[in-house]
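**Student:** In order, the protein sequences belong to chains A and B. For what it's worth, my numbering labels the leading residue of the first sequence as 3, then goes sequentially. For what it's worth, my numbering labels the leading residue of the second sequence as 513, then goes sequentially.
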Amino acid sequence: SQKIEQNSEALNIQEGKTATLTCNYTNYSPAYLQWYRQDPGRGPVFLLLIRENEKEKRKERLKVTFDTTLKQSLFHITASQPADSATYLCAPSLRYGQNFVFGPGTRLSVLP
Amino acid sequence: GAVVSQHPSWVICKSGTSVKIECRSLDFQATTMFWYRQFPKQSLMLMATSNEGSKATYEQGVEKDKFLINHASLTLSTLTVTSAHPEDSSFYICSARAQGAGEQYFGPGTRLTVT
């Protein structure tokens, strides 16, 4: 069955460093992958969408890579700030516009 | 743009009663809306998908007679939890997607507590 794993349940990094979060999937080949941010008690917020034919996508301090050979996506936050502390969810989908399943999430804490 | 609202933000009800939660897309037309449930320290679990004017498609294990979904317009979907029980207490989140789009925009969630 399809499985989505995110590297760790929690990740602590120092302010100013680059945070790298990993999303691995098995038993399927998504054509698209999205990353969302969720703060406690709030709904997720869409961050970035990357297609299988795109190696990398950037938005301000965020960067996402998508390696279909490794079945992995990396999510980077450069120059991290305490305000970046949240849970980050990856969501692969087989086709554009198709429903997707969220990964378990990684709770990122950026320490001042 | 792409704002989704939910109402109420929290609700407490007695066991056996029904609760209705509204989800609205404020600045775009949502051809598809989704309802998720999230338990503490867990990821979101998709409950059902609804397309405007059609019956909702429920995920395996979700009782359609207990969780009634109506998507009567391109900007409004409702979830009614019927005969609520304490185990239905959870955080319910809706999302909306415009036609042809890949990303979903989420509402702020509704905290349901059944006593």
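Just so it is clear, CB atoms sit at the ideal spot from N, CA and C, and this is done for glycine as well.
What are the boundary residues of the beta strand (DSSP E) that ARG44/A is part of?
**Tutor:** Looking at the DSSP string, ARG44/A is not in any beta strand (DSSP E), and its letter there is neither H nor E.
**Student:** Looking only at its own chain, which residues have a Cβ that is under 6 angstroms from the Cβ of THR28/A, when we skip the five neighbours before and after it?
**Tutor:** LYS5
**Student:** Determine the chain B residues that contact PRO106/A at a beta-carbon separation under 7 angstroms, and present them in chain order.
**Tutor:** SER555
**Student:** Can you tell me whether SER111/A sits near the ligand MN, meaning its C-beta is under 6 angstroms from at least one heavy atom of the ligand?
**Tutor:** This structure simply doesn't include the ligand MN, nor any ligand for that matter.
**Student:** Which first and last residues belong to the beta strand (DSSP E) in which VAL593/B is found?
**Tutor:** Residues 588 to 593.
**Student:** At which residues does the beta strand (DSSP E) containing THR544/B begin and terminate?
**Tutor:** 542 to 550
**Student:** My understanding is that PRO94/A touches SER555/B, with C-beta atoms under 8 angstroms, so please give their C-beta distance in whole angstroms.
**Tutor:** So it is not a contact: roughly 13 angstroms between Cβ atoms.
**Student:** If distances are taken between C-alpha atoms only, which option among ASP539/B, ASP600/B, TYR604/B comes closest to THR529/B?
**Tutor:** ASP600/B
**Student:** For a test of the three-state rule: what should DSSP assign to GLU58/A, helix, strand or coil?
**Tutor:** strand
**Student:** Quick one: is PRO32/A buried, meaning 16 or more other Cβ sit within 10 Å of its Cβ, or exposed?
**Tutor:** buried
**Student:** ASP41/A: which of LEU113/A, ARG109/A, PRO114/A sits nearest, CA to CA?
**Tutor:** ARG109/A
**Student:** If you check the beta carbons only, do HIS78/A and THR24/A fall under 7 angstroms apart?
**Tutor:** In this structure, THR24/A does not lie closer than 7 angstroms to HIS78/A by Cβ.
**Student:** Hey, how far is the Cα of TYR34/A from the Cα of ARG60/A?
**Tutor:** Going by the C-alpha atoms only, they are around 15 angstroms apart.
**Student:** On a Cα-Cα basis, can you pick out the residue from PHE618/B, SER527/B, ALA568/B, CYS525/B that is closest to LEU591/B?
**Tutor:** ALA568/B
**Student:** Please look up how many angstroms separate the CB atoms of GLN589/B and CYS606/B, rounded, as I've assumed it's under 8 angstroms.
**Tutor:** The question names Gln, but residue 589/B in the sequence shown is Ser. Sure, about 6 angstroms apart at Cβ, within 8 angstroms.
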